[in-house]
Amino acid sequence: MRNSIVLFLVLVLLVLVRSVLSRPVYKEGQVIRITTRVTSEPIRYASSQSFNLLGLKISLPLFPEISYGDVVKIEGEVIKGKLDQAKLVGIKESNGFLFGLRKKIIEFYQKSLPEPHSALVAGITLGSKSALPQNFWDLLKKTGTAHVVVASGMNVTMTASFLIGILLLFLNRKKALILAISGIWVYVVLSGLDAPIIRAAIMVSFAYGAQISGRLTNSWRIFFLTGLVMLLIKPSWISDLGFVLSFTATASLMLFEKKAAKLFAKIPVFFREGLTTSLSAQIGVAPILYLAFGQFNILSPIINALILWTVAPIMIIGVAGGIVGLAIPAVGKLILYLAYPMTWWFTNVIKLFAD
752 MRNSIVLFLV LVLLVLVRSV LSRPVYKEGQ VIRITTRVTS EPIRYASSQS FNLLGLKISL
812 PLFPEISYGD VVKIEGEVIK GKLDQAKLVG IKESNGFLFG LRKKIIEFYQ KSLPEPHSAL
872 VAGITLGSKS ALPQNFWDLL KKTGTAHVVV ASGMNVTMTA SFLIGILLLF LNRKKALILA
932 ISGIWVYVVL SGLDAPIIRA AIMVSFAYGA QISGRLTNSW RIFFLTGLVM LLIKPSWISD
992 LGFVLSFTAT ASLMLFEKKA AKLFAKIPVF FREGLTTSLS AQIGVAPILY LAFGQFNILS
1052 PIINALILWT VAPIMIIGVA GGIVGLAIPA VGKLILYLAY PMTWWFTNVI KLFAD
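Counted the way the numbering used here counts, the sequence shown spans residues 752 to 1106.
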């Protein structure tokens, strides 16, 4: 216990020192040129695309499109944490294997399914926000369900469970856990290096690492250690809304999910699981969402409960269809058609409650 407290305090100190030393020194009104890799999927609007780089919010014209993994050179004037009048000077598409694989799978989804169904599969499976039509994205935000269509902690958890289930058929538990951790991080790179995905991957890695070493796990210890490790790596995450919402939702689930399950024990399991998960998470994130966006849909827990059951089958079908489709397009397309009933249900529930 004493060693854990000492480790915690040391990490806190390191985070504070790292935060001070790594903070970019931008002067107000300074014209700068930055060259770096895009580490998250840009959000695309009708005529523009926006993303964060090196602690600055950047908005550029829609074309040329910038993708996750690209190396960009951008110049502009620093104004209140934004790069004003940003201009794309140069862009180099990523030639990495995983970035290329991600792009090909998303393109296959777009060729195989109509919108917004293809975008929904791409978002749930690989965290692609760029393919989502603007009007559908607005409906998702209005109904409080935008988090469902981007890869999140839930996707990482499902990936981890799937990998362990398969690997245990052929390997002993220790080897299966080691390979599962590797597989999880491959999925993280494929899905985009957003804070919620990294948070879940680190927590799962810590939990599996404890099992490998034969130690008991403590969820709250892993939770706080994960936060400190992430801030040690990238201190600017402390102001990232995705980081804040992810940790707040996780803490809310750990605090309230069991209590909510008892409260709604008489509700059918099919509906109860989604309702208890959504309601527990919303207890923490609702105030943050209201402060950030000025709105919160009080029906959000019910809407989430109605659609959350579709996420697992859509993700499984999306992965299978995408991989098979790269080798045998006709068969991959048939597999993706299996997701259509779920995506139809998802989109129509969103449209119903958004009106």
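Built from N, CA and C at the ideal position, the CB exists for glycine as well.
Since this is a predicted model, take the numbers as computed values, not measurements.
- Message: I need the boundaries of the beta strand (DSSP E) containing ASN803, first residue and last residue.
- Response: 799-804
- For PRO812, which of helix, strand or coil comes out of DSSP? strand
- Query: Between which two residues does the beta strand (DSSP E) carrying GLU858 extend?
  - Reply: Note, GLU858: premise wrong, no beta strand (DSSP E); alpha helix (DSSP H) at 848-863.
- Query: Can you name the start and end residues of the beta strand (DSSP E) that VAL823 belongs to?
  - Reply: 822-830
- Residues near ALA946 in its chain [Cβ-Cβ closer than 8 Å; skip 5 each side]: MET981, TRP988, ASP991, GLY993, PHE994, SER997
- Name the residue from GLY1073, PRO1080, VAL955 whose alpha carbon lies nearest to the alpha carbon of MET909. VAL955
- Query: Looking only at its own chain, which residues have a Cβ that is under 7 Å from the Cβ of TRP1096, when we skip the five neighbours before and after it?
  - Reply: Cβ neighbours of TRP1096 beyond the five flanking positions: THR1061.
- Task: Would you kindly check if the distance between the Cβ of LEU807 and the Cβ of GLY832 is under 8 Å?
- Result: Judged by beta-carbon spacing, LEU807 lies within the 8 Å limit of GLY832, meaning their Cβ atoms are closer than that value.
- Task: Taking ILE825 as the reference, give the member of PHE802, LYS985, LEU1077, ARG784 with the closest Cα.
- Result: ARG784
- Message: Taking the alpha-carbon of GLY820 as reference, which of LEU839, ILE809, ARG788, VAL840 has the nearest alpha-carbon?
- Response: ARG788
- Query: Between the beta-carbon of VAL1075 and the beta-carbon of GLY1083, is there less than 8 Å?
  - Reply: At the C-beta level, VAL1075 and GLY1083 come within 8 Å of one another.
- Query: Would you report the Cα separation of ILE948 and VAL939, rounded to the nearest angstrom?
  - Reply: 6 Å
- Message: For GLY806, would you say it is in contact with chain B, using Cβ-to-Cβ distances shorter than 8 Å as the test?
- Response: Reference to chain B is not applicable here, since this structure consists of a single protein chain.
- Query: Does the region 884-897 come close enough to the region 857-872 that 3 or more CB-CB pairs lie under 8 Å?
  - Reply: yes
- Item | Residue range of the alpha helix (DSSP H) that includes ARG950 | Counting along the chain, the alpha helix (DSSP H) containing ARG950 begins and ends at 946-964.
- Item | Presumed contact (8 Å Cβ cut-off) between SER801 and ILE809, rounded CB distance | 7 Å
- Grouping DSSP H, G and I as helix and E and B as strand, with all else coil, what is THR896? Correct three-state label for THR896: coil.
- Message: Assuming GLY878 and GLU792 are in contact, meaning their beta carbons sit under 8 Å apart, how far apart are those beta carbons, in whole angstroms?
- Response: Contact between GLY878 and GLU792 holds, with the beta-carbon distance rounding to 7 Å and staying under 8 Å.
- Give the straight-line distance between the Cα atoms of PHE974 and ALA961, rounded to the nearest whole angstrom. 14 Å
- In the DSSP assignment, find the unbroken alpha helix (DSSP H) run with GLY874 in it and report its ends. 868-877
- Please classify LYS1102: does DSSP put it in a helix, a strand, or coil? helix
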